[in-house]
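Report on the structure given below.
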Amino acid sequence: MSEIYDAIIIGGGHNGLTHAAYLARAGKKVLVLERRHIVGGAAVTEEIYPGFKYSACSYVVSLLRPEVIRELNLANFGLAIVPLDSTFTPLPEGNYLARWGDHDKTRREIMRHSPVDAEAYEQFGKLMHQLAMMVKPILATVPPDVTSLHPRELFKLLSLARHFRKSGGRLLYHMTKLMTMSSADFLSEWFETEVLKATMSASGIIGTFLGPRSPGTAYVLLHHYVGEIDATFRSWGWVRGGMGNVSQSIAASAQRHGAEIRTRAAVARVLVKSGKVAGGRALPFRSGICKRRDEH
Ligand SMILES: Cc1cc2nc3c(=O)[nH]c(=O)nc-3n(C[C@H](O)[C@H](O)[C@H](O)COP(=O)(O)OP(=O)(O)OC[C@H]3O[C@@H](n4cnc5c(N)ncnc54)[C@H](O)[C@@H]3O)c2cc1C
982 MSEIYDAIII GGGHNGLTHA AYLARAGKKV LVLERRHIVG GAAVTEEIYP
1032 GFKYSACSYV VSLLRPEVIR ELNLANFGLA IVPLDSTFTP LPEGNYLARW
1082 GDHDKTRREI MRHSPVDAEA YEQFGKLMHQ LAMMVKPILA TVPPDVTSLH
1132 PRELFKLLSL ARHFRKSGGR LLYHMTKLMT MSSADFLSEW FETEVLKATM
1182 SASGIIGTFL GPRSPGTAYV LLHHYVGEID ATFRSWGWVR GGMGNVSQSI
1232 AASAQRHGAE IRTRAAVARV LVKSGKVAGG RALPFRSGIC KRRDEH
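Each step along the sequence shown adds one to the number in our numbering, with nothing skipped, and position 225 is 1206.
In structure tokens:
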């Protein structure tokens, strides 16, 4: 079996599916090969115990870009996001720390633990918002190829340097700290309350397989200030039906535009011809070779 495609996407995680949907929308013949029985990767809903469905890995959404939701028409394919209003950290002696969507309510709650931290939380929030605004414009841009001397790539690199320079020394200083420090160390420079630091540190390690004292995790904290839901910055939400519905809605959008999605189709080898990707070889249980169109 040999079939011809413009693009073959290895892995049906929500990023692969998004690529498939955009390429299919652009009129390309697209194939997604996913090794599991279900698409979604880490954004997946699975019935772990009979009768109970879980977001098996990632569990909250905020970073899915609004333009992707809009352009792929995801609401029409079943995506519904419910705002996540609060978090709650219980303490052994019966006390707790709650954080709310309402900033002033959270401030009053932190004040119960430490008036110093309540004030610092205000300043911290402002700084993180400024840093988030600094990185936001580059989220949807194609990164420059730093190995290329092509004028187009050099220009992109120069524009990026200009963008960061324009932000000023103070923000660059904090950005450098954020990019290099651990979330525990970074937060300890701002706050004294252990439960607040612990709760916020958790945001720095999600999905990283690192601990809160690992360098680099401070940057992950910024994710919690970059996202948005329905034009509300910093807000996070639950997906109705679990995170799998993010992936399922993108998959449905991709399929509506003609993309083909195969599950239980692990790619064993990428076929390369004259230094260019020519296709992929699936594992035996889904035999066959898929070829890229320009290699036919
Ligand atoms: C524990 C955890 C919690 C997280 N929580 C959140 C959260 O709450 N909110 C959030 O926004 N982000 C969260 N993240 C991060 C987010 O889930 C990931 O960044 C995102 O899912 C990555 O998507 P992806 O499509 O790039 O890759 P993946 O989701 O990893 O998908 C890759 C896909 O490729 C398939 N694949 C791999 N190799 C092959 C092959 N050879 N052939 C065919 N298929 C192959 C895999 O089976 C998989 O389906 C979390 C991550 C983890 C690990």
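C-beta: ideal position from N, C-alpha, C; glycine also.
- Taking the Cα positions, Ala1233 is about 6 Å away from Phe1058.
- One Cα belongs to Ser1228, the other to His1110, and the distance between them is close to 28 Å.
- Ala1002 counts as buried, since no fewer than 16 other beta carbons sit within 10 angstroms of its beta carbon.
- Residue pairing for Tyr1030: DSSP places it in a beta bridge opposite Phe1033.
- Look at the stretch 1014–1092 and you find these whole runs of alpha helix (DSSP H), each 4 residues long or longer: 1047–1052.
- Secondary-structure assignment with DSSP links Trp1219 through a beta bridge to Val1063.
- Look at Val1227: its beta carbon is at least 6 Å from all of the heavy atoms in ligand 1.
- Per the C-alpha coordinates, the member of Gln1236, Ser1148, Arg1088, His1094 positioned closest to Asn1076 is His1094.
- Contact annotation, Tyr1035 with Gly1223: C-beta distance approximately 7 Å; criterion of less than 8 Å satisfied.
- Taking the Cβ of Gly1022 as the reference point, at least one heavy atom of ligand 1 falls within a distance shorter than 6 Å.
- Pro1124 is positioned such that its CB atom lies no closer than 7 Å to that of Gly1218.
- For Arg1194, there is no enclosing beta strand (DSSP E), as DSSP marks it with neither H nor E.
- Around Thr1198, the same chain offers Ser1163, Ser1164, Gly1185, Ile1186, Thr1189, Leu1191 as residues with beta carbons nearer than 7 Å, after the five sequence neighbours per side are excluded.
- Closer than 6 Å to some heavy atom of ligand 1: that describes the Cβ of Leu1044.
- Distances from the alpha-carbon of Gly1021 to those of Thr1161, Asn1226, Ile1091, Arg1133 put Asn1226 closest.
- Pairwise C-beta distances place the stretch 1005–1019 in contact with the stretch 1240–1257, as three or more of them are shorter than 8 Å.
- Proximity to Ile1050 across Ile1062, Tyr1040, Ser1039, Val1041 peaks at Ile1062, based on C-alpha coordinates.
- For the pair Leu1078 and Thr1070, the CB atoms are nearer than the 7 Å cut-off.
- Glu1241 has Leu1012 as its beta-bridge partners, per DSSP.
- The way I'd put it, the stretch 1136–1154 doesn't touch the stretch 1177–1184; fewer than three beta-carbon pairs between them come closer than 8 Å.
- The three-state reading of DSSP puts Gly1208 in coil, since its state is none of H, G, I, E or B.
- By the criterion of a C-beta distance shorter than 6 Å, Glu1090 is surrounded in its chain by Ala1079, once the five residues flanking it on both sides are discounted.
- Counting every other CB atom within 10 Å of its CB across the protein chains shown gives Asp1098 a total of 16 or more, marking it as buried.
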